[in-house]
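A.B. asks:
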Ligand code: HEM
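Numbering (my numbering), first residue to last: 262 to 388.
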């Protein structure tokens with residue numbers, strides 16, 4: 262991990278974010294707490310996540326260019342995001358990072374960055 266580069270560049274840029282999203286969503290869909298929240302056709306969600314993570318990790322601002330201000334907590338309000346679901350989401354992300362071959366120090370740094378937003382999006386303690 263090179264601390265003078267963005268997380269985006271450390272991960273390996275556009276190709277790596279694409280692979281990460283492709284590894285992540287099958288895990289989300291298969292997860293008993295997460296899968297039921299997502300539509301059957303996951304492709305549009307994957308595309309938005311590709312754009313969002315690109316910008317979140319310090320790459321080009323693809324998401325904002327296409328969809329305006331992220332307002333991510335607000336965009337999650339229609340869905341019951343519990344603390345258990347935040348843990349599950351981060352767990353799927355951890356597995357996806359490992360699957361695409363990201364080394365432990367970078368994996369931990371990425372998860373650290375995502376855990377703030379994940380718990381911030383929690384909007385209920387109930388199903
Ligand atoms: C905490 C647990 C989380 C749950 C349960 C969750 C669940 C969801 C659901 C159900 C959707 C809507 C899918 C649809 O379009 O029907 C969604 C959209 C999205 N989520 Fe999450 N999410 C979580 C955390 C996160 C985190 C941590 C991030 C990024 C930091 C994130 C980024 C996104 C993005 C970019 C979208 C697409 C937003 C849009 O419609 O433009 N999510 N999420």
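The C-beta atom is built at its ideal place from N, Cα and C for all residues, glycine as well.
Would you check whether ligand 1 has a heavy atom nearer than 6 Å to the C-beta of residue 318?
C.D. replies: In the chain shown, the residue the question calls residue 318 occupies position 57. Not so, every heavy atom of ligand 1 lies at least 6 Å from the Cβ.
A.B. asks: Does the Cβ of residue 336 lie closer than 6 Å to at least one heavy atom of ligand 1?
C.D. replies: By 1-based counting over the chain shown, the position of residue 336 is 75. Answer for residue 336: yes, Cβ within range of ligand 1.
A.B. asks: Over what stretch of residues does the alpha helix (DSSP H) that includes residue 325 continue unbroken?
C.D. replies: Along the chain shown, one-based indexing puts residue 325 at 64. That run of the alpha helix (DSSP H) goes 323–328.
A.B. asks: Quick check: is the beta carbon of residue 277 nearer than 7 Å to any beta carbon in chain D?
C.D. replies: Judged by its chain identifiers, the structure shown contains no chain D, having just a single protein chain.
A.B. asks: Check whether the stretch 270–277 and the stretch 311–321 touch, using three or more Cβ-Cβ pairs below 8 Å as the test.
C.D. replies: With the cut-off at 8 Å, the stretch 270–277 and the stretch 311–321 touch.
A.B. asks: Measure the alpha-carbon distance for residue 294 versus residue 327 and round it to whole angstroms.
C.D. replies: Within the chain shown, numbered from 1, the residue matching residue 294 stands at position 33. Within the chain shown, numbered from 1, the residue matching residue 327 stands at position 66. About 29 Å.
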